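Same order as they appear, the protein sequences are chains V and U.
Take 1 as the starting number for the first sequence in my numbering and just add one per residue.
Take 126 as the starting number for the second sequence in my numbering and just add one per residue.
Notes follow once the structure below has been shown.
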Amino acid sequence: MQPAVEICPGTTLGKVREGALIVDVRRPEEVAEVTFDVPNYLHIPISELEDRINEIPRDKEIVMVCLSGERSLRTTYYLMNAGYQNVYNMRDGIIKWAAKGFPIKGNAEALAQYASCDCSKPNCC
Amino acid sequence: MSKVIKILGTGCPKCKQMTALVEEVVNENNIDAQVVKVEDIMDIMTYNVLTTPVLVIDENITVKGRVPGKQEILELIK
Numbered sequence: 001m002q003p004a005v006e007i008c009p010g011t012t013l014g015k016v017r018e019g020a021l022i023v024d025v026r027r028p029e030e031v032a033e034v035t036f037d038v039p040n041y042l043h044i045p046i047s048e049l050e051d052r053i054n055e056i057p058r059d060k061e062i063v064m065v066c067l068s069g070e071r072s073l074r075t076t077y078y079l080m081n082a083g084y085q086n087v088y089n090m091r092d093g094i095i096k097w098a099a100k101g102f103p104i105k106g107n108a109e110a111l112a113q114y115a116s117c118d119c120s121k122p123n124c125c
Numbered sequence: 126m127s128k129v130i131k132i133l134g135t136g137c138p139k140c141k142q143m144t145a146l147v148e149e150v151v152n153e154n155n156i157d158a159q160v161v162k163v164e165d166i167m168d169i170m171t172y173n174v175l176t177t178p179v180l181v182i183d184e185n186i187t188v189k190g191r192v193p194g195k196q197e198i199l200e201l202i203k
């Protein structure tokens with residue numbers, strides 16, 4: 001297996017502006033608090049990805065995202081295993097995206113509780 | 126023949142909990158098994174799993190995304 005290609009939020013923003021699709025795999029309650037304010041955005045919780053993978057187009061660049069980049073890395077490999085050619089993982093997730101001042105909707109302060117996430121939350125992994 | 130029990134997970138608390146429970150079950154029941162932690166993401170993704178922890182017994186995925194109780198682990202291993 002080839003290693004997944006990981007990109008930073010800045011590169012992600014550039015790709016989105018060129019038409020790439022952000023696929024956010026966080027839980028619905030996480031997305032309700034704060035989310036990406038970008039035009040090309042699809043929310044598929046990681047628990048639903050197996051059933052909904054066909055919603056992700058194969059003819060676009062895809063950037064998988066989550067809170068910190070860990071869950072989305074697994075989903076990046078999952079898509080690679082499913083034959084997706086142009087799929088990337090965004091390192092450090094929406095935490096870093098928001099810290100960079102990139103467009104979000106919702107309460108950015110909600111992310112502060114995760115700033116030093118040690119992955120101890122019941123559903124974090 | 127000795128069983129090979131793998132716990133797939135990137136080191137989160139639930140993965141550590143599963144590992145501890147599996148080791149307890151193996152030791153308490155004198156089961157001939159090798160317990161292996163798999164933490165490298167590329168090794169984990171060779172099993173194509175989305176949620177962790179994952180319990181793999183003799184290369185068969187038996188539990189995904191949750192921590193089973195000791196009784197369930199025992200039944201799966203035996």
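Glycine included, each C-beta is placed from N, C-alpha and C at the ideal position.
None of the values given here were measured: they were computed from a predicted structure.
Each residue's CA atom was taken as its position, placing leucine 67 of chain V and methionine 167 of chain U some 20 Å apart. With fewer than 16 other beta carbons inside 10 angstroms of its own, proline 57 of chain V counts as exposed. Under the 8 Å Cβ criterion, the region 25 to 38 of chain V does not count as touching the region 136 to 154 of chain U, having fewer than three qualifying pairs. Residue-level contact check: tyrosine 88 of chain V does not touch chain U, since none of the beta carbons of chain U fall below 9 Å from its beta carbon. Less than 9 Å divides the Cβ of isoleucine 130 of chain U from the Cβ of valine 160 of chain U. Going by C-alpha positions, tyrosine 77 of chain V is about 24 Å away from alanine 98 of chain V.
For isoleucine 156 of chain U, the nearest beta carbon of chain V is not closer than 9 Å to its own beta carbon. In this structure, the straight-line span from the alpha carbon of lysine 96 of chain V to that of proline 9 of chain V is close to 7 Å. Nearest neighbour of alanine 20 of chain V by Cα position, chosen from V:Ala110, V:Asn86, V:Glu6 and V:Phe102, turns out to be V:Asn86. Secondary structure at methionine 80 of chain V: helix, using DSSP grouped into helix, strand and coil. Only residues of its own chain outside the window of five on either side were considered, and among them Phe102 have a CB closer than 6 Å to the CB of leucine 13 of chain V, listed in chain order.
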